[in-house]
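In this note's numbering, the protein residues as written are 248 to 446.
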Amino acid sequence: MAPRSDARERLIQAAIDLIWTSSYGAVSVDAICERAGVRKGSFYHFFTSKDELVVAALETHWDGRRPVLDDIFSASRAPLDRLRRYFDYVVERQTQVKATYGRVLGCFHNSIGCECVQQPSEIAAKAQEVILSLRRYLESAIRDAQASGELRPGDPCSDAKTLFAFVQGALIQARVHDDLDILRRIPLTAFALIGAQAA
Numbered sequence: 248m249a250p251r252s253d254a255r256e257r258l259i260q261a262a263i264d265l266i267w268t269s270s271y272g273a274v275s276v277d278a279i280c281e282r283a284g285v286r287k288g289s290f291y292h293f294f295t296s297k298d299e300l301v302v303a304a305l306e307t308h309w310d311g312r313r314p315v316l317d318d319i320f321s322a323s324r325a326p327l328d329r330l331r332r333y334f335d336y337v338v339e340r341q342t343q344v345k346a347t348y349g350r351v352l353g354c355f356h357n358s359i360g361c362e363c364v365q366q367p368s369e370i371a372a373k374a375q376e377v378i379l380s381l382r383r384y385l386e387s388a389i390r391d392a393q394a395s396g397e398l399r400p401g402d403p404c405s406d407a408k409t410l411f412a413f414v415q416g417a418l419i420q421a422r423v424h425d426d427l428d429i430l431r432r433i434p435l436t437a438f439a440l441i442g443a444q445a446a
């Protein structure tokens, strides 16, 4: 039996690397194939278009993050501890990203979502799906913290949207300035936004 090819996985990783460090519009199928070491003809064996590849890249990237977030936001943890751990993870993750790519890159899904939101494509829909999933982690922690009295009473959904927008804004600024310290300052303001004191 012939060994299984990892060409599809290499194409997906190449798409993540190139698009995250540049942009969706700036990266061609040719560049992705070259980075992956895959012939262009083979590309179309796995994907019908660049858009289909990018959707797969979004799914793959999210699949890699989800187990970590499941652990961070485990119901066995105190609600505010979940949020503290998430803020720590944001810094740790972008520290790893900077070590790998040479600079802070921010959120992969949000970057693509912002670029493709005006295009009626599966890319924007997938990015929005992932972003909603991430926001639900925050909403669950906020709801539990409000129920336990650790946070002021409020609308967990609305508070999660506000918190998510703040964190994403910090990630964008951290990318623009290539500055991890922006992310390290998230907890103080984030907890104030939702009515708690940072630990």
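Don't be surprised by glycine CBs; every beta carbon is placed ideally from N, CA and C.
Beta carbon of residue i nearer than 7 Å to that of residue j
i: residue 442; j: residue 383; result: no
i: residue 411; j: residue 440; result: no
i: residue 337; j: residue 430; result: yes
i: residue 302; j: residue 370; result: yes
i: residue 266; j: residue 274; result: yes
i: residue 257; j: residue 293; result: no
i: residue 348; j: residue 268; result: yes
i: residue 320; j: residue 434; result: no
i: residue 391; j: residue 326; result: yes
i: residue 282; j: residue 261; result: yes
i: residue 298; j: residue 368; result: yes
i: residue 259; j: residue 307; result: yes
Cβ neighbour criterion (16 or more within 10 Å) applied to residue i
i: residue 286; result: exposed
i: residue 250; result: With a pLDDT of only 46 at residue 250, under the threshold of 50, the placement of this residue in the model should not be trusted, and no figure is reported.
i: residue 314; result: exposed
i: residue 358; result: buried
i: residue 341; result: buried
i: residue 343; result: exposed
i: residue 322; result: exposed
i: residue 386; result: buried
i: residue 396; result: exposed
i: residue 284; result: exposed
Element boundaries [alpha helix (DSSP H), containing residue i]
i: residue 271; result: Run containing residue 271: none; DSSP gives neither H nor E here.
i: residue 354; result: From DSSP, residue 354 is part of no alpha helix (DSSP H); its letter is neither H nor E.
i: residue 337; result: 326-348
i: residue 436; result: 433-440
i: residue 310; result: 297-319
i: residue 225; result: The question about residue 225 has no answer, for the chain in this structure spans 248 to 446.
i: residue 294; result: Careful: residue 294 lies outside any alpha helix (DSSP H) and carries neither H nor E.
i: residue 414; result: 403-424
Any non-hydrogen atom of the ligand GTP within 6 Å of residue i CB
i: residue 437; result: No copy of the ligand GTP occurs in the structure displayed, which carries no ligand at all.
Notebook entry, point to check: Counting Cβ pairs, one atom from each stretch, are 3 or more of them under 8 Å apart for the segment 347-364 and the segment 373-380?
Noted result: Yes: the two stretches touch, three or more of their Cβ pairs being nearer than 8 Å.
Margin query: Quick test of the definition: if touching needs 3 or more C-beta pairs under 8 Å, does the segment 277-292 touch the segment 307-322?
Written below: Verdict: no, contact absent.
Checklist line | Three-pair Cβ contact test at 8 Å for the segment 416-425 versus the segment 343-357 | finding: Yes: at least three Cβ pairs fall under 8 Å.
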